[in-house]
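Protein chains: 2
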Amino acid sequence: MELSIYYKFILTFALVLIAARIVGELFERYLKQPPVLGELIAGVIIGPYALGAFVNDPVILNFATISAFGVEHFNMMEVISEIAVVVLLFVAGVETDVKAFMRQGVTGALVAVGGVIFPFVLGYVITWLIYPEEGLCGWLFMGAVLTATSIGITVRILMEMGKLQTKEGTTILVGAVVDDIIGIVILSVVVSISGMLKSGETISGGAIAIDAIKIVVIGFAVWFALLMIGVKFHRYISRFILGPFKRSATAPIFTLIIGFIIAWAVTKVSLHPVVGAYVAGLMFSTCAEREEIIERTRPIMMFISPFFFVYCGMQVNVPELLPGIGIAILLLVAAIVGKMIGCYIPAKLQGKLSHNSALVIGIGMVPRGEVGLIVASVGLLSGAIGSMLYGAAVFVSLMSTLVVPAMLKPFLKKMPSQNT
Amino acid sequence: MELSIYYKFILTFALVLIAARIVGELFERYLKQPPVLGELIAGVIIGPYALGAFVNDPVILNFATISAFGVEHFNMMEVISEIAVVVLLFVAGVETDVKAFMRQGVTGALVAVGGVIFPFVLGYVITWLIYPEEGLCGWLFMGAVLTATSIGITVRILMEMGKLQTKEGTTILVGAVVDDIIGIVILSVVVSISGMLKSGETISGGAIAIDAIKIVVIGFAVWFALLMIGVKFHRYISRFILGPFKRSATAPIFTLIIGFIIAWAVTKVSLHPVVGAYVAGLMFSTCAEREEIIERTRPIMMFISPFFFVYCGMQVNVPELLPGIGIAILLLVAAIVGKMIGCYIPAKLQGKLSHNSALVIGIGMVPRGEVGLIVASVGLLSGAIGSMLYGAAVFVSLMSTLVVPAMLKPFLKKMPSQNT
Numbered sequence: 018m019e020l021s022i023y024y025k026f027i028l029t030f031a032l033v034l035i036a037a038r039i040v041g042e043l044f045e046r047y048l049k050q051p052p053v054l055g056e057l058i059a060g061v062i063i064g065p066y067a068l069g070a071f072v073n074d075p076v077i078l079n080f081a082t083i084s085a086f087g088v089e090h091f092n093m094m095e096v097i098s099e100i101a102v103v104v105l106l107f108v109a110g111v112e113t114d115v116k117a118f119m120r121q122g123v124t125g126a127l128v129a130v131g132g133v134i135f136p137f138v139l140g141y142v143i144t145w146l147i148y149p150e151e152g153l154c155g156w157l158f159m160g161a162v163l164t165a166t167s168i169g170i171t172v173r174i175l176m177e178m179g180k181l182q183t184k185e186g187t188t189i190l191v192g193a194v195v196d197d198i199i200g201i202v203i204l205s206v207v208v209s210i211s212g213m214l215k216s217g218e219t220i221s222g223g224a225i226a227i228d229a230i231k232i233v234v235i236g237f238a239v240w241f242a243l244l245m246i247g248v249k250f251h252r253y254i255s256r257f258i259l260g261p262f263k264r265s266a267t268a269p270i271f272t273l274i275i276g277f278i279i280a281w282a283v284t285k286v287s288l289h290p291v292v293g294a295y296v297a298g299l300m301f302s303t304c305a306e307r308e309e310i311i312e313r314t315r316p317i318m319m320f321i322s323p324f325f326f327v328y329c330g331m332q333v334n335v336p337e338l339l340p341g342i343g344i345a346i347l348l349l350v351a352a353i354v355g356k357m358i359g360c361y362i363p364a365k366l367q368g369k370l371s372h373n374s375a376l377v378i379g380i381g382m383v384p385r386g387e388v389g390l391i392v393a394s395v396g397l398l399s400g401a402i403g404s405m406l407y408g409a410a411v412f413v414s415l416m417s418t419l420v421v422p423a424m425l426k427p428f429l430k431k432m433p434s435q436n437t
Numbered sequence: 018m019e020l021s022i023y024y025k026f027i028l029t030f031a032l033v034l035i036a037a038r039i040v041g042e043l044f045e046r047y048l049k050q051p052p053v054l055g056e057l058i059a060g061v062i063i064g065p066y067a068l069g070a071f072v073n074d075p076v077i078l079n080f081a082t083i084s085a086f087g088v089e090h091f092n093m094m095e096v097i098s099e100i101a102v103v104v105l106l107f108v109a110g111v112e113t114d115v116k117a118f119m120r121q122g123v124t125g126a127l128v129a130v131g132g133v134i135f136p137f138v139l140g141y142v143i144t145w146l147i148y149p150e151e152g153l154c155g156w157l158f159m160g161a162v163l164t165a166t167s168i169g170i171t172v173r174i175l176m177e178m179g180k181l182q183t184k185e186g187t188t189i190l191v192g193a194v195v196d197d198i199i200g201i202v203i204l205s206v207v208v209s210i211s212g213m214l215k216s217g218e219t220i221s222g223g224a225i226a227i228d229a230i231k232i233v234v235i236g237f238a239v240w241f242a243l244l245m246i247g248v249k250f251h252r253y254i255s256r257f258i259l260g261p262f263k264r265s266a267t268a269p270i271f272t273l274i275i276g277f278i279i280a281w282a283v284t285k286v287s288l289h290p291v292v293g294a295y296v297a298g299l300m301f302s303t304c305a306e307r308e309e310i311i312e313r314t315r316p317i318m319m320f321i322s323p324f325f326f327v328y329c330g331m332q333v334n335v336p337e338l339l340p341g342i343g344i345a346i347l348l349l350v351a352a353i354v355g356k357m358i359g360c361y362i363p364a365k366l367q368g369k370l371s372h373n374s375a376l377v378i379g380i381g382m383v384p385r386g387e388v389g390l391i392v393a394s395v396g397l398l399s400g401a402i403g404s405m406l407y408g409a410a411v412f413v414s415l416m417s418t419l420v421v422p423a424m425l426k427p428f429l430k431k432m433p434s435q436n437t
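Line by line, the protein sequences give chains S and Z. This note's numbering puts the first residue of the first sequence at 18, with every later residue one more than the last. This note's numbering puts the first residue of the second sequence at 18, with every later residue one more than the last.
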């Protein structure tokens, strides 16, 4: 029966989510690791290159890519995965404290900038030296992957250790937020350059620079405009956009839908949908309805967002990862050292923090987590990086997150608690 | 860029949900109608046969069906729509009061049976007389569409009028639940017969009857087994299935994922996924965690389920509906009169209710709502009914819901309030 194909998608959807929850829970409880790591590994286990290969069905635990809509490998699951990541970044945006972010701005911003430059240069140079045949797109993407910082994971570790409300904690938080913005703009720039290269346009340094600047300016302008709308006009948002939906208690859901509209809209100025989703979240984070929005959109995020992480893991081609294990380890070292140095220097010089505090900030910014994965999956999907470099990028995102709790603990213990 | 195709799906997803919310809100507030009607009409307005035709893009507000996986018209949006309806029926299941349902069992069950037989026969006979060329599948499906009762809409009207906790209200509720079960089993039977006919198997009355009975028995057995697991073993469910996820507060989400697994599993015994989703919900409705499950899964349902109703509306081919308007009106009259008579008789005779009370129950069972739409969309998707009969079925589901508040008011006013 024709319907049975849709039932297979329901099964795959369910298997992805159940694997995410079970392995995520095991990681959290027994390995004391963020569930997101478990979800990634669940994806690797159930994916088309492992368990999926034994299922012998194009849909169940496989990608069933088809040539459609002028795309060679159109993948059904990618649509659900995009929905999942948009919801995730929207909720992250709503949960961001815009005011604290602005207060701690300068130090945090410099920490973020330092933490972007060092890893980017290292990632670019290492990939270029070892894989010159990957071309500019590949080098740029691997640089971009290394610039990422995962807010979620960093915040989670600080919370668990009771160090979120310290000066170091706040700086890490602001740094991670700014890093996210810079990283996402870098991602857009890299995507745009890689698109330019692929369409066979003449590649002149000047043209790339002008285009890059254009994207940065447009990107920051759009981002800043949306943020300012939230900061300045949140009363009007509450009254005219959320007001009509208050009676039916659907205002929070309406904000999320607007998040989707903005996620799509920013793609029209070359930004990635997650930028739009995040900034839409920030826009609503200043509204009086913030708590209600979080309360009603969090369950949606908790339900659907693991799909993205499992899907990321499912794309890791284990057999193809092995030949690239060398560069993966090299990039991991670069990711850790680059981020630590890049964040330590501004924290020490501009923030006037102690050696120990600056180190805490440096290590706290190391996890690449889901942001690195987003960059890597965009690279893979746009064809800028192959499955080997993608595997290395996933390895770096995964391992850089795994090592942080152990690295951070000794330095956090030397710090006085909740001193802000 | 290859990614842009996915952005178009994000846009369509967002446009569907925003149209649902805006038109739904307008219907609720200004026309005093259930939002679900607004969502349906929003679908008709933005669908491929109206607004979508002007967009000139295969994905944006269009179905972009492709020939894939051995299916001629594989439709991406159908996957999301299936997810949406599974979530909806799961939450409906959790919200059902299993104990009250069993207490008021006999009268409610007879009301449901009467309300199924009369409309089914009328729907079958009318379609057979007017469209003999539609064949057995078409006649059966139109009968099945007319048997449906929408719990949601009936409950909502009773709530708004403060008559939910009356004897009449409870009987309607139980009747609607039993009707749902019978209707869903009928749907499975009809789907199975239509599959048998299509695959060219020899059609003998005896074979159909045996197969029908087999499906009814298996269907009821599976359904009853799952319900009994919930009723008898809910302590074990709480301890062994939900317990491990309590610490991370993801138990409610885990129940929903199990709902998806069961939704898929029942398709293996020819049942429709919504039966599985509903019964999975019922299974958890007896657990101590019920309130928590409702609280955490409702936002997900509120976010995603409008997608199903808009998608249903989008499939209404307005130009093709006009030639079928005659049968649509005829079926609507049959749907109203058939349900009223079928429910009135057992309520009066077995329930010993007054003339006025029996009429209230009869009218209260009239709305077909989303259940009729589910049946109709399964019929359309499986090829059993064409777009004209589908349009008629949507018309009946829609209009039978629209007329009820006005019909019900005078009789409800004659009733004493909250007399149970």
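Just so it is clear, CB atoms sit at the ideal spot from N, CA and C, and this is done for glycine as well.
Environment of residue i [buried if 16+ CB atoms lie within 10 Å]
| i | result |
| --- | --- |
| E95 (chain Z) | buried |
| D74 (chain Z) | exposed |
| Y361 (chain S) | buried |
| L48 (chain Z) | exposed |
| G140 (chain S) | buried |
| P323 (chain S) | buried |
| L397 (chain S) | buried |
| F135 (chain S) | buried |
| I210 (chain Z) | buried |
| P336 (chain Z) | exposed |
| F241 (chain Z) | exposed |
Other residues of its chain near residue i: CB distance less than 6 Å, five sequence neighbours each side excluded
| i | result |
| --- | --- |
| C304 (chain S) | H251, I254 and S255 |
| L243 (chain S) | V296 and M300 |
| L425 (chain S) | I380 |
| P149 (chain S) | none |
| P269 (chain Z) | E309, I310, R313 and T314 |
When the options are compared against residue i, the one with the closest alpha-carbon
| i | options | result |
| --- | --- | --- |
| V133 (chain Z) | Z:S98, Z:A193 and Z:E99 | Z:A193 |
| L111 (chain Z) | Z:G212, Z:F241, Z:R313 and Z:A31 | Reading the sequence as shown, one finds Val at residue 111 (chain Z) and not Leu. With distances taken between Cα atoms, V111 (chain Z) lies closest to Z:R313. |
| I62 (chain S) | S:L406, S:G330 and S:V388 | S:G330 |
| F326 (chain S) | S:K184, S:P336, S:Y148 and S:I391 | S:I391 |
| T29 (chain S) | S:P65, S:I199 and S:G396 | S:P65 |
| V130 (chain S) | S:V162, S:Q50, S:R385 and S:G359 | S:G359 |
| M357 (chain S) | S:L338, S:Q332, S:R385 and S:V335 | S:R385 |
| S265 (chain S) | Z:F71, Z:M93, Z:M319 and Z:F237 | Z:M319 |
| G125 (chain Z) | Z:V103, Z:I198 and Z:I58 | Z:I198 |
| A294 (chain S) | S:Y24, S:A59, S:S21 and S:A101 | S:A101 |
| V388 (chain Z) | Z:I321, Z:V291, Z:L78 and Z:A401 | Z:V291 |
| L204 (chain S) | S:I321, S:F237, S:V142 and S:E185 | S:F237 |
| I321 (chain Z) | S:L273, S:I235 and S:P363 | S:L273 |
| V286 (chain Z) | Z:F271, Z:R307 and Z:V202 | Z:V202 |
| F137 (chain Z) | Z:V162, Z:T82 and Z:P261 | Z:V162 |
Partners in chain S for residue i, counting only beta-carbon separations shorter than 8 Å
| i | result |
| --- | --- |
| E42 (chain Z) | P261, F262, S265 and T267 |
Partner residues on chain S for residue i, Cβ-Cβ distance less than 7 Å
| i | result |
| --- | --- |
| A31 (chain Z) | I274, F277, I278 and W281 |
| Y24 (chain Z) | W281, T284 and P290 |
Any non-hydrogen atom of the ligand FMN closer than 7 Å to residue i Cβ
| i | result |
| --- | --- |
| G396 (chain S) | What this structure holds is no ligand at all, so the ligand FMN is not there to describe. |
Chain Z contact residues for residue i, given Cβ-Cβ distances below 9 Å
| i | result |
| --- | --- |
| R256 (chain S) | Ordered by position in chain Z, no residue passes the 9 Å Cβ test against R256 (chain S), which lies about 16 Å from the chain. |
| I235 (chain S) | Chain Z residues near I235 (chain S): none, gap ~16 Å exceeds 9 Å. |
Interface partners of residue i on chain Z, CB under 7 Å
| i | result |
| --- | --- |
| M331 (chain S) | None at all; the shortest Cβ gap to chain Z is about 16 Å. |
| V319 (chain S) | Note that residue 319 (chain S) is Met in the sequence shown here, rather than Val. Within chain Z, the residues near M319 (chain S) are T267 and I270. |
| R313 (chain S) | P316 |
Chain-ordered chain Z contacts of residue i [CB-CB under 8 Å]
| i | result |
| --- | --- |
| I58 (chain S) | Chain Z residues near I58 (chain S): none, gap ~17 Å exceeds 8 Å. |
| M93 (chain S) | M93 and V96 |
Open item on the list: Between the segment 407-423 of chain S and the segment 54-65 of chain S, can you find at least three pairs of beta-carbon atoms closer than 8 Å?
Closed with: Yes, they touch.
Task: Meets three-Cβ-pair contact criterion under 8 Å: the segment 343-352 of chain S and the segment 334-342 of chain Z - done: Counting Cβ pairs under 8 Å, fewer than three are found: no touch.
Task: Three-pair Cβ contact test at 8 Å for the segment 403-417 of chain S versus the segment 371-378 of chain S - done: Fewer than three Cβ pairs drawn from the segment 403-417 of chain S and the segment 371-378 of chain S lie within less than 8 Å of each other, which leaves the two stretches out of contact.
Task: contact_flag[the segment 24-40 of chain S, the segment 272-283 of chain Z] where n(CB pairs < 8 Å) is 3 or more - done: Verdict: yes, contact present.
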